[in-house]
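Quick note: the sequence shown uses full-length UniProt numbering, first residue 1, plus one each step.
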Amino acid sequence: METGRALLLGLMTPLFIAWAGMMFRTLFAHRKRIAQRTGRPIPGVGDSLREWRHWWRSDDLKFERRLLIFLTITLFIAVLSLPFALPQTS
Numbered sequence: 001m002e003t004g005r006a007l008l009l010g011l012m013t014p015l016f017i018a019w020a021g022m023m024f025r026t027l028f029a030h031r032k033r034i035a036q037r038t039g040r041p042i043p044g045v046g047d048s049l050r051e052w053r054h055w056w057r058s059d060d061l062k063f064e065r066r067l068l069i070f071l072t073i074t075l076f077i078a079v080l081s082l083p084f085a086l087p088q089t090s
């Protein structure tokens with residue numbers, strides 16, 4: 001692997017770690033809120049859908065929602081641009 005490609009992958013690593021951390025934080029917070037609301041430790045599909053709807057519409061979760069969307073789009077663009085960023089040499 002050439003140095004430039006390795007450097008680019010190295011720069012993408014913190015982005016992926018931030019995205020994964022934010023995604024796990026969001027999912028665990030959803031499960032916790034569902035458990036508090038319903039009293040059941042494992043949510044059903046309807047409970048999960050209600051919580052996702054609350055997450056999309058809630059003003060108090062606006063920062064977390066925007067951050068996760070930003071990280072997701074940035075990571076998606078970075079992964080898709082990787083083959084085009086540095087041309088492969090034969």
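The C-beta atom is built at its ideal place from N, Cα and C for all residues, glycine as well.
Three-state class that DSSP yields for residue i in the structure shown
i	result
Arg40	coil
Leu27	helix
Ser81	helix
Ser58	coil
Leu9	helix
Glu2	coil
Leu71	helix
Reference residue i, options the options, closest by Cα
i	options	result
Ile17	Pro41, Thr72, Gly46 and Ile42	Thr72
Pro14	Phe84, Thr74, Leu86 and Ser81	Thr74
Leu49	Asp60, Lys62, Leu61 and Arg31	Arg31
Cβ distance (whole Å) where residue i is taken to contact residue j below 8 angstroms
i	j	result
Met22	Leu67	6 angstroms
Ala85	Met12	Ala85 to Met12, Cβ: 10 angstroms. No contact.
Glu64	Thr26	7 angstroms
Just checking, does the region 56–65 make contact with the region 34–42 on the three C-beta pairs under 8 angstroms criterion?
-> Too few Cβ pairs lie closer than 8 angstroms, so no.
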